[in-house]
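Colleague: Handing you a structure now.
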Amino acid sequence: MDPHRLAKFPFLRDAITYVKENDVDLDDVLREYVFSEARRRGKKRVMDALVEGEIENYPMSTEEECLLEILSYPVARMIVSCINDSFLIKRYALAEAVTMNKRLLSESTESVAAVADELGVKVAIIDESLRMYFSDYLRYTSKMRSVDWKLVNMEVENGYVYLNKHRFARVLQQALQEKIENELPLEVSDEILQRFSTDLAEIRTALEMRVTKYKVEDLGRISIIKLPPCMRKLVGMVQAGENIPHSGRFAVTAFLHGIGLSQEEILRLFSSSPDFDQSKTRYQIEHITGEISGTRYTAPECSTMKSYGLCYEPDSLCKKIKHPFTYYRAKSRKRKEMSSEENRSKSPMKKNRAGDRLDN
């Protein structure tokens with residue numbers, strides 16, 4: 000077993016075997032001073048995930064350094080499990096997956112295929128090129144709604160989808176992210192909670208600061224119920240901490256800005272995403288809204304939303320309109336009419352000139 004490779008990809012099954020061969024168990028990692036660096040790195044993995052969105056690369060030139068890096072992975076998983084926060088779990092899973100993605104790009108084709116096999120992804124190497132079985136491809140690209148990822152746009156032969164290394168690694172990123180999200184939280188003992196109590200307090204504070212800074216309770220003066228189903232779905236996905244494709248982010252940003260949300264309000268909305276990067280997101284928002292580009296983009300029309308795979312649960316009104324803005328305006332007019340009708344019904348009934356009953 001190559002300890003350097005296991006340190007780069009500590010989620011591999013061989014990493015567990017390697018740790019056992021070095022006569023290290025969980026109690027050792029939790030209690031012994033010699034493993035304090037592994038505990039520190041484990042905490043750092045979680046903080047890196049929360050703040051940076053990926054895991055820092057440590058020196059892994061010696062077997063000792065590799066072992067510490069391998070051990071930092073289960074430590075990080077324990078810490079995340081102790082906190083048991085859904086946003087942190089998603090953020091951590093994404094960071095580990097993004098880090099794996101970047102590291103795979105420098106690996107050989109055979110090494111990438113081996114990682115895929117560990118993740119349960121059926122792979123074939125044909126003419127030194129990576130191929131992924133179509134069912135696995137469909138499973139892990141289902142959330143990638145860009146038309147570029149649609150199976151009809153891919154080269155498929157004998158049930159296998161051809162992918163270059165960058166695209167193959169991106170699909171494996173999704174596979175690892177889902178794997179970690181499904182595995183966490185782990186069951187943790189009182190001893191583990193006590194052992195990491197100081198670290199947990201620090202991470203909880205950082206997590207609370209991040210969430211509070213960008214907290215989104217609603218869309219302010221914008222009524223959610225007026226939004227077309229597509230935008231309501233996308234906004235809900237963002238607020239739930241789910242990643243949406245670039246085309247979806249563009250559509251939501253252009254639409255919300257078009258109906259009156261400020262750049263800061265839109266920025267706070269996107270802060271719920273596990274891969275949120277404030278500077279990048281702010282730049283994208285400023286570009287779409289015209290502050291940087293000089294061109295204020297409008298939301299895509301319904302036909303474009305459909306082609307992007309972003310048309311969700313269309314209702315009866317959707318059949319009559321061709322643009323999300325039209326839906327919002329129609330709903331706004333209807334609510335104004337209902338409000339006016341309600342106000343009229345609450346107005347006191349006027350009497351006739353003689354003060355007689357109206358039915359006289």
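The sequence shown begins at 0 in numbering that gives the first Met the number 0 and counts up one residue at a time.
Built from N, CA and C at the ideal position, the CB exists for glycine as well.
1) Report buried or exposed for glycine 158, applying the criterion of at least 16 other Cβ atoms within 10 angstroms of its Cβ.
2) CB lysine 164 to CB valine 114, shorter than 9 Å?
3) DSSP three-state label for methionine 131, please.
4) When we look at the beta-carbon of asparagine 181 and count the other beta-carbons within 10 Å, is it buried (16 or more) or exposed?
5) Note down, in chain order, each residue of its chain lying with its Cβ closer than 6 Å to the Cβ of arginine 44, except the 5 sequence neighbours on either side.
6) What first and last residue would you give for the beta strand (DSSP E) that runs through isoleucine 124?
7) Can you tell which of Asp1, Leu66, Thr61 and Ser261 has its C-alpha closest to the C-alpha of aspartate 22?
8) Short of 8 Å in beta carbon distance, which residues of its chain neighbour glutamate 434, apart from the five on each side in sequence? Order them along the chain.
9) If contact is defined by three or more beta carbon pairs under 8 Å, each pair taking one atom from either stretch, is the segment 120 to 140 in contact with the segment 281 to 290?
10) Relative to the alpha-carbon of arginine 194, which residue among Met0, Ala96 and Val28 has its alpha-carbon at the smallest distance?
11) Taking only beta-carbon atoms, is glycine 257 less than 9 Å away from chain B?
12) Give the range of the alpha helix (DSSP H) segment to which tyrosine 57 is assigned.
13) Give every residue of the same chain whose Cβ lies closer than 6 Å to the Cβ of alanine 48, excluding the five residues on either side of it in the sequence, and list them in chain order.
14) Measure the alpha-carbon distance for glutamate 127 versus glutamate 156 and round it to whole angstroms.
15) Are there 16 or more other CB atoms within 10 angstroms of the CB of arginine 30, so buried, or fewer, so exposed?
16) Measure the alpha-carbon distance for histidine 322 versus glutamate 300 and round it to whole angstroms.
17) If you measure between the beta carbons of lysine 232 and tyrosine 311, is that distance less than 9 Å?
18) Near tyrosine 139, what residues of its chain come up, given a Cβ to Cβ distance below 6 Å and the 5 sequence neighbours on each side ignored?
19) By how many angstroms is the C-alpha of serine 105 removed from the C-alpha of isoleucine 364?
20) Could you spell out the range, first to last residue, of the beta strand (DSSP E) harbouring valine 160?
21) Can you tell me whether DSSP reads glutamate 68 as helix, strand or coil?
22) From tyrosine 298 to phenylalanine 254, what distance separates their C-alpha atoms?
Modeller: So, from the data block:
1) It is exposed - the Cβ of glycine 158 has fewer than 16 other Cβ atoms within 10 Å.
2) In this structure, lysine 164 keeps its C-beta atom at 9 Å or more from the C-beta atom of valine 114.
3) The answer is strand: DSSP assigns methionine 131 an E or B state.
4) By the 10 Å Cβ count, asparagine 181 comes out exposed.
5) If we look at arginine 44 and ignore the five residues flanking it on each side, its Cβ neighbours are Ile54, Ser71 and Ala75.
6) Unbroken beta strand (DSSP E) run through isoleucine 124: 122 to 125.
7) Aspartate 22 has its Cα closest to that of Leu66, out of Asp1, Leu66, Thr61 and Ser261.
8) This structure gives no information on residue 434, because the portion of the chain shown stretches from 0 to 359.
9) Result no; under three Cβ-Cβ pairs closer than 8 Å.
10) Restricting attention to Met0, Ala96 and Val28, the CA atom closest to the CA of arginine 194 is found in Val28.
11) In the displayed structure, chain B is absent; only one protein chain is listed.
12) From DSSP, tyrosine 57 is part of no alpha helix (DSSP H); its letter is neither H nor E.
13) These residues qualify, in order along the chain: Arg90, Tyr91 and Ala94.
14) The alpha-carbon separation between glutamate 127 and glutamate 156 amounts to approximately 15 Å.
15) Exposed, because fewer than 16 other Cβ atoms sit within 10 Å of the Cβ of arginine 30.
16) Across the structure, histidine 322 and glutamate 300 are spaced so that their CA atoms are roughly 4 Å apart.
17) Between lysine 232 and tyrosine 311, the CB-CB gap stays under 9 Å.
18) Once the five neighbours on either side are set aside, the close Cβ partners of tyrosine 139 are Val170, Gln173 and Ala174.
19) No answer is possible for residue 364: the residues shown for the chain start at 0 and end at 359.
20) Unbroken beta strand (DSSP E) run through valine 160: 159 to 161.
21) The answer is helix: DSSP assigns glutamate 68 an H, G or I state.
22) In the sequence as presented, tyrosine is not what sits at residue 298; that position holds alanine. Taking the straight line joining both Cα atoms gives about 5 Å.
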